[in-house]
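Scroll down for the structure; my scribbles are underneath it.
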Amino acid sequence: MKVDLHSHTYYSDGKHDLCYLKARALENGLSHLAITDHDCVDALLVEQQGDGPEIISGVEISCTWENIEIHVVGLCINPRDPQLSRLLAEQQAKRNKRVAQIDQKLSQLGSHGLMEALSALQARALTRSHVADFLVESGVCANRKKAFKRYLNKGGKLYVPAEWCAMSSAIEAIRAAGGIATLAHPGRYAINRIKLKRLVETFRQAGGEALEATYPNIAPEMKQYLEKLGREYSMYLSCGSDFHDAAATWTDVGKLPTLSSESAAHGVWRHPQWESRFQFQAS
Ligand code: AMP
Ligand code: MN
Ligand code: MN
Ligand code: MN
-18 MKVDLHSHTY YSDGKHDLCY LKARALENGL SHLAITDHDC VDALLVEQQG DGPEIISGVE
42 ISCTWENIEI HVVGLCINPR DPQLSRLLAE QQAKRNKRVA QIDQKLSQLG SHGLMEALSA
102 LQARALTRSH VADFLVESGV CANRKKAFKR YLNKGGKLYV PAEWCAMSSA IEAIRAAGGI
162 ATLAHPGRYA INRIKLKRLV ETFRQAGGEA LEATYPNIAP EMKQYLEKLG REYSMYLSCG
222 SDFHDAAATW TDVGKLPTLS SESAAHGVWR HPQWESRFQF QAS
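All residue numbers for the sequence shown refer to the numbering used here, where the first residue is -18 and numbers rise by one.
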């Protein structure tokens, strides 16, 4: 069993379709691949084609906890659950509103055409990543890194704060959809260990059941710490590449530091809901 439980398609800010991801996962020897697009599940609603690993239905919801942005991954969800669908529609509306505000700011800087470029995309969830691509393509920025640093991050010329749902609402919607709420890349939030521990504790109390204990570029000490936190709070452990794009610097599907064998014994695939997971039939 070789799993990658965090990846993106072009329905959010990934660059490829499900078919491509499946083929890549097959090449890299995966048995399971979770598709976890930002605030949308559209990739899971298209008919699957080609050989490859089993696709696990997932989502990555942007939310807020104590004024910081947290990402919660839902695994083994029913992508057609009404409560989850409602929350995702709200999140997508917030994303649309945010890009419209960014477009206004960009127009004031003398650059036009963002909304038109975005409407030509497949994306259901519009992200800052799409805006970064536009800034590079239209010659405003030399590369994506600069686009984020100078324009899209806090303090940047086009920065618009996001108004995501509360972390508890994201967990609740994932659970309503029969999924396992998983704290995404816990070491990537700009918080110290005391606050990180409090985040994990709050996440657990709110019904979160798993955390990502390994992902690309994680420091070995952080991986050890997350494995320890997982044990302390009796959580299942997950792992994911957060793959977006084969052409860019994103880590390839399935390429990430492995969990220790002790941690693998608490892998999220041991969760009862993994066994009885919703097997989605596209229509
Ligand atoms: P959003 O959810 O709309 O705020 O968009 C954030 C997305 O932009 C993330 O999911 C990443 O894929 C991407 N991203 C964020 N920061 C950077 C960065 N500094 N360089 C490149 N991509 C980034
Ligand atoms: Mn992304
Ligand atoms: Mn994330
Ligand atoms: Mn992600």
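For every residue, glycine included, the Cβ atom is placed at its ideal position computed from N, Cα and C.
Other residues of its chain near residue i: CB distance less than 6 angstroms, five sequence neighbours each side excluded
| i | result |
| --- | --- |
| H(-11) | G(-5), D18 and H225 |
| H252 | I161 and Y217 |
| N10 | Note that residue 10 is Gly in the sequence shown here, rather than Asn. Excluding residues within five positions, the ones whose Cβ falls inside 6 angstroms are K(-17). |
| R105 | Y(-8), C21 and D23 |
| S264 | Confidence in S264 is poor, its pLDDT being 49 and thus under 50, which makes the residue's placement unreliable; the coordinate value appears in the next sentence. Nothing listed; no residue qualifies. |
| A158 | I58, N59, D62 and L65 |
| F259 | N59 and G159 |
Close beta carbons around residue i, own chain, < 7 angstroms, minus the five adjacent residues each side
| i | result |
| --- | --- |
| D(-2) | T(-10) and Y(-9) |
| L25 | I16, S38, P60 and F261 |
| K204 | A194, T195 and P238 |
| E187 | With the sequence shown as reference, residue 187 is identified as Ala, and Glu is not the correct amino acid for it. For A187, where only same-chain residues beyond five positions count, the Cβ hits under 7 angstroms are M148, S149 and I152. |
Whether residue i touches residue j by CB criterion (7 angstroms)
| i | j | result |
| --- | --- | --- |
| A165 | V54 | yes |
| R79 | A143 | yes |
| D223 | H13 | no |
| A191 | S219 | yes |
| L95 | L139 | no |
| I83 | V112 | yes |
| Y132 | V181 | no |
Straight-line Cα distance separating residue j from residue i
| i | j | result |
| --- | --- | --- |
| A123 | K130 | 12 angstroms |
| G235 | G221 | 7 angstroms |
| L99 | N77 | 10 angstroms |
| G33 | Q85 | 43 angstroms |
| A70 | I49 | 22 angstroms |
| A228 | K178 | 36 angstroms |
| L240 | A147 | 30 angstroms |
| W145 | T45 | 6 angstroms |
| P63 | G189 | 20 angstroms |
| Y170 | S242 | 26 angstroms |
| W255 | T230 | 31 angstroms |
| D233 | N198 | 12 angstroms |
| E47 | Q29 | 39 angstroms |
| L350 | Q89 | Given that the chain is displayed from residue -18 to residue 264, the structure contains no residue 350 and the question cannot be resolved. |
Contacting residues, own chain, Cβ-Cβ under 8 angstroms from residue i (five flanking each side not counted)
| i | result |
| --- | --- |
| A246 | none |
| I155 | V40, I42, V53, G55, I58, L65, I161 and A162 |
| T108 | S(-7), D(-6), H19 and R76 |
| A81 | M96 |
**Asked** For the 8 angstroms Cβ check, are there 3 or more pairs between the stretch 2 to 13 and the stretch 105 to 118?
**Response** no
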